[in-house]
Amino acid sequence: MAREKGAALSRLQSAARLSRTALASRLLDHGFYAGQDQIMLALALEDGQTPGQLASRLGVRPPTITKTINRLQAQSFLDKRASENDARQAHVFLTESGRDAIKAIEKSVRKTEKQALKGLDKKEQKTLSKLLARIEGNLSGNPRQIDMMDDAEDDE
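Sequential numbering of the sequence shown, starting at 1, is according to the UniProt record's numbering.
Here is the structure:
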């Protein structure tokens, strides 16, 4: 039986789309729109980044980040402050309610991941994670990403 060309890529795209939709639905229950969670989580890891740093870290264009930051600021989750070194540069910080919202975002991510991985044992989950890292490395042109992922998992 001949394998359908592009079947793996089609499945990958479908799984990605469905996982984004499931996560977006959970996040919307907490007042977040698509993409806002990524900015919030990036700031939870390193607060006070510039919009340019966030755009680079998340792989999106600066105008997209600026629009999302402004919306999150209007929702009182973020605060922008001028840089002490360069008044033209702003730094973005989580507010108190933004820090509180991180827990809801992380819970939404955990629930979505649990739903997506239902029926896979720990070994299958680890294998899937390694395979996805390899695909990411192939598509990003950064095969080092794969090696680092493998090394990190070997340490566990």
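Ideal placement from N, C-alpha and C gives every residue a C-beta, glycine not left out.
{"query": "Segment contact, 8 Å Cβ cut-off, at least three pairs: the segment 20-36 with the segment 71-89", "result": "yes"}
{"query": "Reduced DSSP category for Gly137 - H, G, I as helix; E, B as strand; rest coil", "result": "helix"}
{"query": "Beta-carbon contacts of Ala42 that lie in its chain and below 8 Å, excluding the five residues immediately before and after", "result": "Gln49, Leu54, Arg57, Leu58"}
{"query": "Distance between Gln36 and Thr68 (C-alpha atoms, nearest Å)", "result": "6 Å"}
{"query": "Identity of the residue in Gly141, Glu113, Ser140, Asn142 nearest Ser129 by Cα", "result": "Glu113"}
{"query": "Beta-carbon proximity of Leu120 to Thr95, cut-off 8 Å", "result": "no"}
{"query": "Contact set for Gly52: own chain, Cβ-Cβ below 7 Å, skip 5 residues either direction", "result": "Pro62"}
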